[in-house]
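Numbering of the sequence shown is given in this note's numbering, commencing with residue 2 and proceeding in unit increments.
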Amino acid sequence: MGETPDDDAMNDATLKTARDVVQSIYDTIVESAEEDDAHAKWLTADFRSGEMMYQVQLHSGVAGVGLFLADYGRILHDDRAVELAGKAMTWSQSAENAGFWTKNDSGAWRVTLAYGVAREPGSPSCVWRRRRTSRKPWNERWLLPTTCWPLTRHASRV
Numbered sequence: 002m003g004e005t006p007d008d009d010a011m012n013d014a015t016l017k018t019a020r021d022v023v024q025s026i027y028d029t030i031v032e033s034a035e036e037d038d039a040h041a042k043w044l045t046a047d048f049r050s051g052e053m054m055y056q057v058q059l060h061s062g063v064a065g066v067g068l069f070l071a072d073y074g075r076i077l078h079d080d081r082a083v084e085l086a087g088k089a090m091t092w093s094q095s096a097e098n099a100g101f102w103t104k105n106d107s108g109a110w111r112v113t114l115a116y117g118v119a120r121e122p123g124s125p126s127c128v129w130r131r132r133r134t135s136r137k138p139w140n141e142r143w144l145l146p147t148t149c150w151p152l153t154r155h156a157s158r159v
């Protein structure tokens with residue numbers, strides 16, 4: 002099936018809508034950031050209770066916000082987004098969050114990876130391999146990068 006002129010118009014409209022949505026999300030994140038010289042964090046809703054709190058997790062916390070910011074900054078060459086991603090990573094790794102058992106396995110390393118890629122455009126991004134160190138799932142550890150692939154091609158593996 003070939004494209005028709007209407008397909009091009011729809012694709013342009015869809016792309017504009019997507020860009021507007023991403024810009025709106027970015028603007029909201031920047032406006033709601035709580036930051037100091039070294040850290041940035043955001044209140045996010047706990048997925049179980051709905052309570053607003055500071056969380057490290059990738060799926061519901063600062064690590065996920067940082068990952069979004071790192072990708073946004075890398076793709077759109079936005080230094081402020083990359084700066085906030087770095088501050089999010091620093092907060093996620095801070096002693097303040099030592100009690101989060103999911104800190105290293107579920108978020109902070111991903112923000113670190115994305116932040117590193119965003120800071121050095123053109124450098125390869127590395128996908129990390131997981132090794133089970135025991136039969137207990139919470140004892141999984143992330144190793145050093147073993148294989149490098151373009152982040153955009155294998156984003157689902159990261």
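From the three backbone atoms N, C-alpha and C, an ideal C-beta is built for every residue, glycine too.
All of these numbers come straight from a predicted model, not from anything done at the bench.
- With a minimum length of 3 residues, the unbroken runs of beta strand (DSSP E) contained wholly in the stretch 7 to 71 fall at 44 to 46 and 53 to 55.
- Under the three-state reduction of DSSP, Ser93 is assigned to helix.
- Beyond the five residues adjoining it in sequence on each side, Ala39 comes within less than 6 Å, by CB distance, of Thr91 in the same chain, given in chain order.
- In this structure, the beta-carbon distance from Leu70 to Leu85 falls below 8 Å.
- Comparing alpha-carbon positions, the option among Gln56, Arg20, Glu52 and Ser33 lying closest to Ser95 turns out to be Gln56.
- Ala64 is positioned such that its CB atom lies no closer than 8 Å to that of Tyr73.
- With 16 or more neighbouring CB atoms inside 10 Å of its own CB, Ser93 falls in the buried class.
- If you draw a straight line from the Cα of Phe48 to the Cα of Glu35, it is about 21 Å long.
- Asp80 carries a helical assignment under DSSP once its states are collapsed to helix, strand and coil.
- By the criterion of a C-beta distance shorter than 7 Å, Leu44 is surrounded in its chain by Met53, Met54 and Tyr55, once the five residues flanking it on both sides are discounted.
- Per the coordinates, the alpha-carbon of Glu32 lies some 12 Å from the alpha-carbon of Gln24.
- In this structure, the beta-carbon distance from Ala89 to Ala41 falls below 8 Å.
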